[in-house]
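Q:
Protein chains in written order, with the working numbering: chain S, 1 to 141; chain W, 142 to 282; chain A, 283 to 423; chain Y, 424 to 564.
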């Protein structure tokens with residue numbers, strides 16, 4: 001299973017719909033493939049200018065480390081110097097908080113990741129999961 | 142007039158449809174707003190991994206310089222050191238070739254830009270223009 | 283409403299006048315537009331050499347995140363690794379303290395930001411607000 | 424003689440007035456001090472988003488090298504690898520074309536530089552010189 005554009009579109013649209021249903025702030029959603037490369041992105045009207053970078057940072061760290069946002073955050077809290085160092089080797093592109101959701105196949109292989117930003121990190125993750133489920137995939141928050 | 146997500150979606154979809162109609166190679170399309178920030182992006186299945194950066198670079202230079210891809214390419218051919226220097230001040234993010242299409246309002250104010258990559262630069266620009274026209278906007282190749 | 287040069291000049295001049303009226307240290311004031319791009323900047327005689335970067339950093343983070351300096355500082359205090367990561371994705375350009383004042387329209391859309399530096403962060407914010415009010419705009423400290 | 428804020432303001436305003444008198448495209452003007460640090464900057468309405476970086480690059484190279492834009496351009500044309508290398512050591516911040524005007528005192532000591540961008544490089548330099556003369560200073564194009 002790979003993250004096709006068709007699947008990525010479903011993820012983006014359904015994550016945004018979830019945000020509207022929950023009356024969240026304007027969201028931005030990115031979908032990355034197994035190499036950490038962008039497949040699709042959308043930023044809702046009213047979202048602040050820098051949201052691509054933040055959504056991307058949440059998803060990028062998930063793919064590069066094979067570790068979802070919640071686990072990254074725990075690591076950042078337990079061992080800040082480790083996540084700082086990780087950001088050194090990845091050019092500062094990793095944002096280690098929830099809203100970066102890892103996509104795995106049933107065998108645990110990383111297929112890509114989804115990054116959502118705009119509301120609280122926990123709500124961002126809820127929206128991401130709605131999109132992932134609509135696409136028939138499994139997410140790790 | 143601003144580049145809403147609705148307009149950006151239309152640009153992306155119609156540019157990709159044009160690519161399919163013309164049997165171009167897999168395309169990637171980005172839409173940036175007036176500040177050079179990403180509103181929407183899609184990469185077709187089969188496109189190479191780095192296409193976000195190239196699409197973005199075509200559109201980003203157009204917004205930052207207020208100069209479309211064709212004019213940037215001419216400048217790069219006439220005065221290579223100038224475009225090199227421009228790329229220095231913009232962190233290497235400018236790709237000065239056609240396929241970076243500038244969006245202006247009737248008064249000439251930059252509203253954003255569209256970047257398409259995947260086929261020849263000229264075909265990329267044709268696909269971009271199809272998307273822009275479908276969204277009721279005016280593009281400068 | 284956009285941040286015209288005329289409005290930006292008013293903001294800069296009136297912020298500096300406020301600094302003189304309050305006998306603050308020499309101030310530097312930058313005004314950014316909705317895309318985070320500089321519209322105007324002035325540095326008073328006697329201010330230290332690096333003040334452009336600091337003023338810019340205060341305002342840039344506000345625009346990119348849609349979050350004023352006070353809220354950024356709280357986030358940096360609560361979750362230092364998050365603001366570190368944000369600075370990674372924005373190339374180290376974010377200075378998360380008061381003195382970065384967000385400009386919004388009545389619907390909450392970000393119009394730009396003002397960054398003031400030179401005195402205490404709180405006094406910087408007071409000077410910024412004086413300029414913003416003189417320009418008939420609304421600031422979020 | 425140093426580049427006070429008062430002088431810098433005069434340079435910026437008179438350069439912009441010259442641009443209006445000559446019906447040039449919207450201009451952006453930066454004034455740097457003897458250390459290459461920004462004293463003042465203004466970007467006219469309608470100028471493209473990235474004009475601060477270009478104006479800055481023109482002036483910054485002039486101060487750092489003690490060489491005005493015309494001389495830098497000649498060097499770039501004669502010895503491209505040298506200007507590339509210069510840009511390496513200065514972090515890509517040098518834009519070696521006219522419109523970067525050096526400010527010297529009567530003994531030849533560098534006092535700062537003015538960077539203008541928006542129209543042709545030669546017209547940019549004309550506007551810069553108008554500002555510099557209005558401030559009672561001497562410019563080297």
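Glycine included, each C-beta is placed from N, C-alpha and C at the ideal position.
Fair warning: this is a prediction, and the values are worked out from it, not measured in the lab.
Going along the segment 440 to 465 of chain Y in order, which residues come within less than 7 Å of chain A, judged by CB to CB distance?
A: The segment 440 to 465 of chain Y vs chain A, Cβ under 7 Å: 458, 460, 461, 462, 463, 464, 465.
Q: Report the residue ranges of all alpha helix (DSSP H) runs contained in full by the segment 350 to 396 of chain A; include only those spanning at least 4 residues, in chain order.
A: If we require 4 residues or more, the alpha helix (DSSP H) runs fully inside the segment 350 to 396 of chain A come out as 351 to 360, 362 to 371.
Q: Tell me whether the segment 128 to 135 of chain S and the segment 144 to 160 of chain W touch, counting them as touching only if at least three CB pairs, one residue from each stretch, are closer than 8 Å.
A: No, they do not touch.
Q: Counting only beta-carbon atoms, is residue 391 of chain A nearer than 8 Å to chain S?
A: By one-based count along the third chain, residue 391 of chain A stands at place 109. By this cut-off, residue 391 of chain A is an interface position.
Q: In this structure, how does DSSP classify residue 471 of chain Y when only helix, strand and coil are distinguished?
A: Here residue 471 of chain Y refers to the residue found at position 48 when the fourth chain is read from its first residue. If DSSP states are grouped into helix, strand and coil, residue 471 of chain Y belongs with coil.
Q: Within its chain, find whatever has a CB closer than 7 Å to the CB of residue 352 of chain A; leave out the 5 residues flanking it on each side and keep chain order.
A: Here residue 352 of chain A is taken as the residue at index 70 of the third chain, counted from 1. These residues qualify, in order along the chain: 380, 423.
Q: Less than 8 Å between CB atoms is the rule here; does residue 563 of chain Y satisfy it with respect to chain A?
A: In the fourth chain, the residue the question calls residue 563 of chain Y occupies position 140. No, residue 563 of chain Y lies away from the interface with chain A (no Cβ there is under 8 Å from its Cβ).
Q: Give me the Cα-Cα distance between residue 533 of chain Y and residue 231 of chain W, rounded to the nearest whole angstrom.
A: Position 110 of the fourth chain, counting from 1, holds the residue named residue 533 of chain Y. Position 90 of the second chain, counting from 1, holds the residue named residue 231 of chain W. Looking at the two C-alpha atoms, the distance is approximately 27 Å.
Q: Just list the beta strand (DSSP E) runs in the segment 394 to 422 of chain A, keeping only unbroken ones of 3 residues or longer that don't cross its boundaries, in chain order.
A: If we require 3 residues or more, the segment 394 to 422 of chain A turns out to have no beta strand (DSSP E) run fully inside it.
Q: By the 7 Å beta-carbon criterion, what residues does the segment 95 to 121 of chain S contribute toward chain A?
A: Answer set for the segment 95 to 121 of chain S: 95, 96, 97.
Q: Taking DSSP as the reference, what is the three-state secondary structure of residue 572 of chain Y?
A: This structure does not reach residue 572 of chain Y, given that chain Y is present from 424 up to 564, and the question cannot be answered.
Q: Which residues does DSSP pair with residue 42 of chain S in a beta bridge?
A: Translated into positions along the first chain, residue 42 of chain S becomes position 42. According to DSSP, which records beta bridges pairwise, residue 42 of chain S is partnered with S:29, W:181.
Q: In chain order, what residues of the segment 336 to 348 of chain A put their CB closer than 7 Å to some CB of chain S?
A: Here the close residues are 345, 346, 347, 348.
Q: Taking the straight line between their C-alpha atoms, what separation do you get for residue 505 of chain Y and residue 479 of chain Y?
A: Counted from its first residue, the fourth chain places residue 505 of chain Y at position 82. Counted from its first residue, the fourth chain places residue 479 of chain Y at position 56. Cα-Cα distance, rounded: 20 Å.
Q: Excluding five sequence neighbours on each side, which residues of the same chain lie with their C-beta closer than 7 Å to the C-beta of residue 68 of chain S?
A: Reading the first chain from its first residue, position 68 is the one you call residue 68 of chain S. Once the five neighbours on either side are set aside, the close Cβ partners of residue 68 of chain S are 62, 100, 101, 102, 140, 141.
Q: Indicate whether residue 460 of chain Y and residue 374 of chain A have their beta-carbon atoms separated by less than 8 Å.
A: As a working note, residue 460 of chain Y is residue 37 in the fourth chain. As a working note, residue 374 of chain A is residue 92 in the third chain. Against a cut-off of 8 Å, the Cβ pair of residue 374 of chain A and residue 460 of chain Y comes out as no contact.
Q: Grab me the residues of residue 187 of chain W's own chain with a C-beta within less than 7 Å of its C-beta, minus the 5 sequence neighbours each way, in chain order.
A: In the second chain, residue 187 of chain W corresponds to position 46, counting from 1. Excluding positions up to five away in sequence, the list reads 167.
Q: For residue 367 of chain A, go through chain S and note every residue whose CB falls closer than 7 Å to its CB, in chain order.
A: Start at 1 with the first residue of the third chain, and residue 367 of chain A comes out as number 85. Neighbours of residue 367 of chain A on chain S, chain order: 57, 87, 94, 95, 96.
Q: Can you tell me whether residue 213 of chain W is buried or exposed, with buried defined as 16 or more other CB within 10 angstroms of its CB?
A: Mapped onto the second chain, residue 213 of chain W falls at position 72. With 16 or more Cβ atoms within 10 Å of its Cβ, residue 213 of chain W is classed as buried.
Q: Going along chain W, which residues have a C-beta under 9 Å from residue 124 of chain S?
A: Sequence index remark: in the first chain, residue 124 of chain S carries index 124 (1-based). Within chain W, no residue comes near residue 124 of chain S; the closest Cβ sits about 17 Å away, beyond 9 Å.
Q: Under 8 Å, do residue 481 of chain Y and residue 540 of chain Y count as touching if we go by C-beta distance?
A: Within the fourth chain, the letter at position 58 stands for residue 481 of chain Y. Within the fourth chain, the letter at position 117 stands for residue 540 of chain Y. Yes; because the gap between Cβ atoms is below 8 Å, this pair is in contact.
Q: Using only CA atoms, which one of A:414, A:418, A:402 lies nearest to residue 336 of chain A?
A: Numbered from 1 along the third chain, position 54 holds the residue referred to as residue 336 of chain A. Measuring from the Cα of residue 336 of chain A, the nearest candidate turns out to be A:402.
Q: Excluding the 5 residues preceding and the 5 following residue 296 of chain A in the sequence, name in chain order all residues of the same chain whose CB lies nearer than 6 Å to its CB.
A: Within the third chain, the letter at position 14 stands for residue 296 of chain A. Within the same chain, residue 296 of chain A has close Cβ partners 412, 413, 416.
Q: For residue 456 of chain Y, which residues in the same chain have their Cβ closer than 6 Å to its Cβ, ignoring the five residues on either side in sequence?
A: Indexing the fourth chain from 1 puts residue 456 of chain Y at position 33. The answer, listed in chain order, is 426, 462, 535.
Q: Decide if residue 324 of chain A is buried, meaning its Cβ has at least 16 other Cβ atoms within 10 Å, or exposed.
A: Sequence index remark: in the third chain, residue 324 of chain A carries index 42 (1-based). The residue in question, residue 324 of chain A, is buried, as its Cβ has 16 or more Cβ neighbours within 10 Å.
Q: Pick helix, strand or coil for residue 163 of chain W, following the three-state DSSP scheme.
A: Residue 163 of chain W sits at position 22 when you count from the first residue of the second chain. Coil.
Q: Could you tell me the alpha carbon to alpha carbon distance between residue 346 of chain A and residue 317 of chain A, rounded to whole angstroms?
A: Position 64 of the third chain holds residue 346 of chain A. Position 35 of the third chain holds residue 317 of chain A. Their backbone Cα atoms lie some 8 Å apart in a straight line.
Q: Going straight from the alpha carbon of residue 312 of chain A to that of residue 149 of chain W, what length do you get?
A: Taking the third chain and counting its residues from 1, the one referred to as residue 312 of chain A is at position 30. Taking the second chain and counting its residues from 1, the one referred to as residue 149 of chain W is at position 8. Their backbone Cα atoms lie some 31 Å apart in a straight line.
Q: For residue 190 of chain W, would you say it is in contact with chain S, using Cβ-to-Cβ distances shorter than 8 Å as the test?
A: The sequence position of residue 190 of chain W within the second chain is 49, counting from 1. Closer than 8 Å to some Cβ of chain S, the Cβ of residue 190 of chain W qualifies, so yes.
Q: Is there at least one Cβ from chain Y nearer than 8 Å to residue 372 of chain A's Cβ?
A: Reading the third chain from its first residue, position 90 is the one you call residue 372 of chain A. Cβ-Cβ to chain Y under 8 Å: no for residue 372 of chain A.
Q: When burial is assigned at 16 or more other CB atoms within 10 Å of the CB, is residue 366 of chain A buried or exposed?
A: As a position in the third chain, residue 366 of chain A is number 84, starting the count at 1. By the 10 Å Cβ count, residue 366 of chain A comes out buried.
Q: Could you name the residues of the same chain whose beta carbon sits closer than 8 Å to that of residue 334 of chain A, not counting the 5 residues immediately before and after it, in chain order?
A: Start at 1 with the first residue of the third chain, and residue 334 of chain A comes out as number 52. Once the five neighbours on either side are set aside, the close Cβ partners of residue 334 of chain A are 310, 312, 323, 325.
Q: Quick check: what's the CA-CA separation for residue 442 of chain Y versus residue 418 of chain A?
A: Within the fourth chain, residue 442 of chain Y is the residue found at index 19, counting from 1. Within the third chain, residue 418 of chain A is the residue found at index 136, counting from 1. Approximately 28 Å between the Cα atoms of the pair.
Q: What separation, rounded to the nearest whole angstrom, lies between the Cα atoms of residue 357 of chain A and residue 124 of chain S?
A: Reading the third chain from its first residue, position 75 is the one you call residue 357 of chain A. Reading the first chain from its first residue, position 124 is the one you call residue 124 of chain S. If I take the Cα positions, the gap works out to 17 Å.
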